[in-house]
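Asks: For the sequence shown, counting from 1, position 64 maps to 313 in my numbering; every step adds exactly one. Beta carbons are placed, not taken as given, at the ideal position from N, Cα and C, and that holds for glycine. Have a look at this one.
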Amino acid sequence: MAIDGRFVIALEEHYADEELAATFEGPEGRAPEIRKRLLDLGELRIGEMDEAGIDLQVLSHNSPSTQRLDAESAVRLARAANDRLAEAVKRRSDRFAGFAALPTPDPRAAADELERAVVKLGFRGAMVHGLTNGVFFDDPRFRPVMERAQALDVPIYLHPAVPHKAVIDAYYRDYVEEFPAITNAAWGFTVETATAGVRMVLSGAFDVYPDLKIILGHLGEGLPFLVWRIDMALSRPGGSPVRFREAFSRNFWITTSGNFSTPALICSMLEMGVDRILYSVDWPFVRNMPGTKWIRELQISSEDKDKILAGNARRLLKL
Ligand code: MN
Numbered sequence: 250m251a252i253d254g255r256f257v258i259a260l261e262e263h264y265a266d267e268e269l270a271a272t273f274e275g276p277e278g279r280a281p282e283i284r285k286r287l288l289d290l291g292e293l294r295i296g297e298m299d300e301a302g303i304d305l306q307v308l309s310h311n312s313p314s315t316q317r318l319d320a321e322s323a324v325r326l327a328r329a330a331n332d333r334l335a336e337a338v339k340r341r342s343d344r345f346a347g348f349a350a351l352p353t354p355d356p357r358a359a360a361d362e363l364e365r366a367v368v369k370l371g372f373r374g375a376m377v378h379g380l381t382n383g384v385f386f387d388d389p390r391f392r393p394v395m396e397r398a399q400a401l402d403v404p405i406y407l408h409p410a411v412p413h414k415a416v417i418d419a420y421y422r423d424y425v426e427e428f429p430a431i432t433n434a435a436w437g438f439t440v441e442t443a444t445a446g447v448r449m450v451l452s453g454a455f456d457v458y459p460d461l462k463i464i465l466g467h468l469g470e471g472l473p474f475l476v477w478r479i480d481m482a483l484s485r486p487g488g489s490p491v492r493f494r495e496a497f498s499r500n501f502w503i504t505t506s507g508n509f510s511t512p513a514l515i516c517s518m519l520e521m522g523v524d525r526i527l528y529s530v531d532w533p534f535v536r537n538m539p540g541t542k543w544i545r546e547l548q549i550s551s552e553d554k555d556k557i558l559a560g561n562a563r564r565l566l567k568l
């Protein structure tokens with residue numbers, strides 16, 4: 250394991266709980282090679298980690314997890330899935346850690362489940378996928394979750410999901426059939442998750458919870474590239490003053506999941522500082538080896554590489 254002698258932690262690495270995944274996948278399910286990897290918490294997964302030099306995966310459910318369920322089902326299934334994930338992590342605690350699924354359709358229960366998952370099950374934080382039945386995570390109804398995350402000092406990972414139907418109809422409908430990725434990893438995921446990040450700042454959540462920690466994948470969903478312009482436009486007279494850059498560089502961390510671009514990484518390092526950037530693959534939707542090849546050839550300082558591959562994750566997740 251390890252890449253060129255460096256310990257490697259990857260933290261947007263997905264799995265699927267059979268009972269939970271059955272609530273959002275049709276009878277056809279996913280492509281067989283993806284499905285079998287999502288369901289594997291043993292030999293296949295660890296074999297591919299070994300091959301690529303990944304020492305530790307922080308496991309999270311795949312999208313949309315429990316975010317599109319009714320409140321009662323979300324609470325029940327999140328608890329059951331988290332219990333099962335905790336067992337899998339316990340079996341291979343040398344190779345796995347966990348992010349909890351949160352039943353956000355019932356925000357108070359989601360806050361309680363976050364606490365249970367962190368305190369009782371040893372999870373390192375939680376992942377929330379896209380909108381919760383049409384509602385962005387900055388909505389005041391989710392403040393109990395934010396409050397609990399701050400109190401427990403664990404991050405919330407805001408992960409994409411298929412965009413709101415009204416957005417698909419208005420923005421993507423003309424191209425969905427020929428280019429289905431337009432709604433997801435090619436563009437739709439990015440637009441919606443970047444919007445979630447901007448809205449978190451506008452909502453004033455970080456004024457109320459100044460130590461709340463948010464992780465964005467895919468090198469920050471484009472926001473590091475845009476932070477100057479967003480900050481400038483939000484500072485113009487006429488609106489409420491918002492210090493976007495300040496919140497973005499204080500409350501956000503980003504991962505390299507599914508975005509192995511050196512220019513995009515360098516931009517992120519310049520805008521956020523290397524201490525905010527964590528290695529991730531997005532397995533099994535992205536394979537491990539292209540990430541390993543990228544990191545091996547990446548011309549940055551040895552110290553920065555150590556931070557991205559493991560040091561920053563150790564600090565943020567207390568590993
Ligand atoms: Mn992902």
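#1: To which residues of the same chain is A329 closer than 7 Å at the C-beta, ignoring the five residues directly before and after it?
#2: For the ligand MN, is there any heavy atom lying closer than 8 Å to the beta carbon of E441?
#3: Give a single yes or no on whether F348 has its beta carbon closer than 8 Å to a heavy atom of the ligand MN.
#4: What separation, rounded to the nearest whole angstrom, lies between the Cα atoms of R344 and G374?
#5: Pick helix, strand or coil for M250, following the three-state DSSP scheme.
#6: Could you check where the alpha helix (DSSP H) with S551 kicks off and where it finishes?
#7: According to DSSP, T432 sits in a beta bridge with which residue or residues?
#8: How long is the line joining the alpha carbons of G522 and L472, rounded to whole angstroms?
#9: Quick one, are the C-beta atoms of V384 and L351 less than 9 Å apart?
#10: What separation, rounded to the nearest whole angstrom, lies between the Cα atoms of F501 and H467?
#11: Can the beta-carbon of A454 be found closer than 9 Å to that of D387?
#12: For the pair the stretch 525 to 545 and the stretch 252 to 270, tell me if three or more CB-CB distances fall below 8 Å.
#13: Less than 7 Å between C-beta atoms, sequence neighbours within five positions excluded: which residues of the same chain meet that for T541?
#14: Please name the residue in A398, N382, A337 whose C-alpha comes closest to that of V367.
#15: Just how far apart, CA to CA, sit A435 and F428?
#16: Which whole-angstrom value is the C-beta distance of A335 and G371, which I expect to be below 8 Å?
#17: Considering Cα atoms alone, identify which of G296, R448, Y458 is closest to N537.
#18: Under the criterion of a Cβ to heavy atom distance below 8 Å, does E362 qualify as lining the ligand MN?
#19: Where does Y406 sit, in a helix, a strand or coil, going by DSSP?
#20: Do you know how far the Cα of L380 is from the Cα of H413?
#21: Leaving out the 5 sequence neighbours to the left and right, which residues in its chain are closer than 7 Å to L290 when beta-carbon positions are compared?
#22: For D460, which option in L401, R492, S551 has the closest C-alpha, if you only look at C-alpha atoms?
#23: Answer yes if the stretch 497 to 512 comes into contact with the stretch 469 to 487, meaning at least three C-beta pairs across the two stretches below 8 Å, and no otherwise.
#24: Taking its Cβ as the centre, do 16 or more other Cβ atoms sit within 10 Å of R422, making it buried, or is it exposed?
#25: Report the CB separation of V450 from F391 in whole angstroms; it is logged as a contact under 8 Å.
#26: Helix, strand or coil for R499? Go by DSSP, reduced to three states.
#27: Beta-carbon separation of L527 and L565 under 9 Å?
#28: I'd like the list of long-range same chain contacts for A562, defined as Cβ closer than 7 Å, with 5 residues on each side in sequence excluded.
Replies: Considering the structure as presented:
#1: Excluding sequence neighbours, A329 sits near E268.
#2: Every heavy atom of the ligand MN is 8 Å or more from the Cβ of E441, so no.
#3: Look at F348: its beta carbon is at least 8 Å from all of the heavy atoms in the ligand MN.
#4: Between R344 and G374, the C-alpha separation is close to 17 Å.
#5: DSSP places M250 in the coil class of the three-state scheme, outside both helix and strand.
#6: Membership of S551 in the alpha helix (DSSP H) is indicated by the continuous run 551 to 555.
#7: Residue pairing for T432: DSSP places it in no beta bridge.
#8: Looking at the two C-alpha atoms, the distance is approximately 14 Å.
#9: Remark: C-beta atoms of V384 and L351 do not approach each other more closely than 9 Å.
#10: About 13 Å.
#11: Yes, the pair counts as a contact, with Cβ atoms nearer than the cut-off.
#12: Yes: the two stretches touch, three or more of their Cβ pairs being nearer than 8 Å.
#13: Closer than 7 Å at the Cβ level, and outside the excluded window around T541, lie I252, A301, G302.
#14: Nearest of A398, N382, A337 to V367, Cα basis: A398.
#15: Cα atoms of A435 and F428: separation of roughly 9 Å, rounded to the nearest angstrom.
#16: Confirmed, about 7 Å.
#17: Among G296, R448, Y458, the Cα nearest to that of N537 is on G296.
#18: Relative to the ligand MN, the beta carbon of E362 is positioned no closer than 8 Å to any heavy atom.
#19: If DSSP states are grouped into helix, strand and coil, Y406 belongs with the strands.
#20: Going by C-alpha positions, H413 is about 8 Å away from L380.
#21: Cβ-Cβ distances below 7 Å link L290 to Y264, A337 in the same chain, with the five nearest sequence neighbours on each side left out; the list follows chain order.
#22: For the residues L401, R492, S551, the minimum Cα distance to D460 belongs to L401.
#23: Three or more beta-carbon pairs separated by less than 8 Å link the stretch 469 to 487 to the stretch 497 to 512, which places the two stretches in contact.
#24: Exposed, because fewer than 16 other Cβ atoms sit within 10 Å of the Cβ of R422.
#25: Taking 8 Å as the upper bound for CB-CB distance, V450 and F391 are not in contact here, some 15 Å apart.
#26: The answer is helix: DSSP assigns R499 an H, G or I state.
#27: Against a cut-off of 9 Å, the Cβ pair of L565 and L527 comes out as a contact.
#28: Counting only Cβ-Cβ distances below 7 Å, and skipping sequence neighbours, we find I258, L260, L527, L568.
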